[in-house]
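Colleague:
So this is what it looks like as structure tokens:
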């Protein structure tokens, strides 16, 4: 199990964070790809056993990495992924859009618009062979509406050239932070693990 301390996080200080926002956001994606390739090169794993995972803005990371390096991993899990960046950031009626200008920039500025468009996962899906993918959403999510990952999955299904799994699960009682029932969160997590174990062909 490896945690990638990529630029855009503050694990290495404020400057590390600043190098992964606004017009430097792609550093986040290339850093993650470099981490995955390092694990393979150093013999910690191999491509056929590598699973990548992220949720919310980390789901955007998954989407961008899948477009930039579709051969990096065997399986990807994208939880409540923020994948239609331009559309969402242009809609100021969405609760987090305006506050998030400080992270991504305001797409009403052409420079930011063009940069967002260049990495937005939805806008950069191509006819590629993608890995196994599980995408999840919460029906009641006010931050990343369920339709956002839904349209991304639809585009992937239309364009992808492989026969790998592409599952989309909407948790009907969940918001942005998974189900809140006593055991529901555990069931949601078990579902994700079951998907991973199946794609990696790990059985009891």
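Residue numbers (the numbering used here): 1 to 204.
Every residue gets a Cβ at the ideal spot worked out from N, C-alpha and C, and that includes glycine.
The structure displayed is predicted, hence computed values, not measured ones.
#1: Run the CB neighbour count on residue 60, radius 10 Å, all protein chains shown included, and call it buried at 16 or more, exposed below.
#2: Secondary structure at residue 199, three-state DSSP: helix, strand or coil?
#3: Between the segment 100-119 and the segment 142-161, do at least 3 Cβ pairs fall closer than 8 Å?
#4: Please list the terminal residues of the continuous alpha helix (DSSP H) segment that includes residue 86.
#5: In three-state DSSP terms, what is residue 13?
#6: Taking the straight line between their C-alpha atoms, what separation do you get for residue 70 and residue 198?
#7: Can you tell me where the beta strand (DSSP E) with residue 151 in it begins and where it stops?
#8: Between the segment 125-136 and the segment 154-165, can you find at least three pairs of beta-carbon atoms closer than 8 Å?
#9: So what does residue 55 bridge to, in DSSP terms?
#10: Output the distance between the C-alpha atoms of residue 223 and residue 91, rounded to the nearest integer angstrom.
#11: Are the segment 22-33 and the segment 51-65 touching, with three or more C-beta to C-beta distances below 8 Å?
#12: Take the Cβ of residue 189 as the centre, count every other Cβ of all protein chains shown within 10 Å, and call the residue buried at 16 or more, exposed below.
Modeller: Working from what's here:
#1: Counting from 1 along the chain shown, the entry for residue 60 is found at position 60. Buried, by the Cβ-count rule.
#2: Taking the first residue of the chain shown as position 1, residue 199 is located at position 199. If DSSP states are grouped into helix, strand and coil, residue 199 belongs with the helices.
#3: no
#4: Residue mapping note: residue 86 aligns to position 86 of the chain shown, counting from 1. From DSSP, the alpha helix (DSSP H) with residue 86 extends over 85-90.
#5: Your numbering for residue 13 matches position 13 in the chain shown. The answer is coil: DSSP assigns residue 13 none of H, G, I, E or B.
#6: Stepping through the chain shown from its first residue, residue 70 is reached at position 70. Stepping through the chain shown from its first residue, residue 198 is reached at position 198. The alpha-carbon atoms of residue 70 and residue 198 are separated by roughly 20 Å.
#7: Residue mapping note: residue 151 aligns to position 151 of the chain shown, counting from 1. From DSSP, residue 151 is part of no beta strand (DSSP E) but of the alpha helix (DSSP H) over 147-159.
#8: yes
#9: Translated into the one-based positions of the chain shown, residue 55 becomes position 55. For residue 55, which the question treats as bridged, DSSP gives the partners 79.
#10: No answer is possible for residue 223: it lies beyond the span of the chain, which begins at 1 and ends at 204.
#11: yes
#12: Within the chain shown, the letter at position 189 stands for residue 189. That one is exposed.
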